[in-house]
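Notes for the one structure printed next.
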Amino acid sequence: MSTHARSKHARPRSGMPRLLALTAGVGLLTFGAGWIHAVQDRSDGPALRAARDDRPPVQPSAQPRATRGEHRPGPADQGLPGVSEHTRARIPAESRQLVLVTGKGVGVSESTATLYTRPDPATPWTARGSWPARNGAKGWSPEGSRTVGDLTSPEGVFSLTDAGGLLPKPPGTRLPYDRDDLFVPSGRGVDGESLAGSFDYVVAIDFNRRPGRSPLDPVKPEGAAKGGNIWLHVDHDGPSQGCVGIPKDGMRTILQTLDPAAHPVIVMGPQGF
1 MSTHARSKHA RPRSGMPRLL ALTAGVGLLT FGAGWIHAVQ DRSDGPALRA ARDDRPPVQP
61 SAQPRATRGE HRPGPADQGL PGVSEHTRAR IPAESRQLVL VTGKGVGVSE STATLYTRPD
121 PATPWTARGS WPARNGAKGW SPEGSRTVGD LTSPEGVFSL TDAGGLLPKP PGTRLPYDRD
181 DLFVPSGRGV DGESLAGSFD YVVAIDFNRR PGRSPLDPVK PEGAAKGGNI WLHVDHDGPS
241 QGCVGIPKDG MRTILQTLDP AAHPVIVMGP QGF
């Protein structure tokens, strides 16, 4: 209502004290409501930040993932050395199998791969086997920064959904397995070593690929510039262009252990990532 409209219907001067009292009361109520609203805005801060999270939304059937500001250390954090709280918070609650690849340094191609399992999210991870590993020749690239041909392995938490290889699948393999004669590497390794047998067994790491397809699938959903075809495969005694190589017996063990029903993931990066 405008000042002009109030003056047209103003009460006689004798009613001014009552009007002033009423106005003051309304002002106090307005201030109180504003103060309560400000407090609520502050308490809603973490929820608003979580809503802007760039990670894929949780499917309705899955348990919600903890975000960076919501994670609370507990028993399930135990048993994963060299992994930051932020990275642990990204491990899906439904995952009960995990391959941890811990690099010896940001720019180093040597690492260790360890297979972990747990019966439920409230139980600590237990190591089931560990092997020396080789990653990208130039070490690791932080999430979102990898480019094709940069000779780094991508840091992060990735699902493991598909496997394959030149050899028939080991007995007990439960991941979808594509046995194909195309699993033969060409050329030589970064240090000039032979690549023979590297792709006898592979597990596709779901980095810039479409889960549910053969590791040979060439499609890169996030664009060719990021590179792709990042695999866990048989070590060829040298650094990789971005994959992770472990001994052949380790690959057999992993293939015979991983179960799609356990939502296996690989957690990979330098020490403390």
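In this text, residue positions in the sequence shown follow my numbering: the first is 1, and each later residue adds one. Each residue gets a CB set at the ideal place from its N, CA and C atoms; glycine is no exception.
Three or more Cβ pairs closer than 8 Å define a contact, and the segment 204-213 falls short of that threshold against the segment 252-259.
Ranked by how close their Cα comes to the Cα of Ala-137, the residues Pro-264, Gly-250, Val-265 and Asp-237 have Asp-237 in first place. With contacts defined by Cβ atoms closer than 8 Å, Asp-150 and Leu-166 do not form a contacting pair.
A straight line joining the alpha-carbon of Val-99 with that of His-86 spans about 17 Å. By the CB criterion at 8 Å, Trp-131 and Pro-247 fall inside the cutoff.
Every beta strand (DSSP E) stretch that sits fully inside the segment 216-267 and reaches 3 residues is listed by chain position as 231-234 and 244-246. For Gly-82, same chain residues with a beta-carbon under 7 Å away, outside a window of 5 residues either side, are Thr-102, Gln-271 and Gly-272 in chain order. Out of Thr-147, Leu-195, Phe-158 and Glu-193, the CA that lies nearest to the CA of Arg-210 is found in Phe-158. Under the 10 Å beta carbon count, Arg-188 is surrounded by fewer than 16 other beta carbons and is classified as exposed. In this structure Ser-153 is in contact with Met-268, their Cβ atoms being roughly 6 Å apart against a cut-off of 8 Å. A straight-line Cα-Cα distance of about 16 Å links Ala-89 and Tyr-116. Shown here, Thr-112 sits in a strand according to DSSP, grouped into three states. Secondary structure at Arg-88: helix, using DSSP grouped into helix, strand and coil.
Within the same chain, and ignoring the five residues on either side of Arg-179 in sequence, the residues whose Cβ sits closer than 8 Å to its Cβ are Gly-164, Gly-165, Leu-166, Leu-167, Pro-168 and Lys-169.
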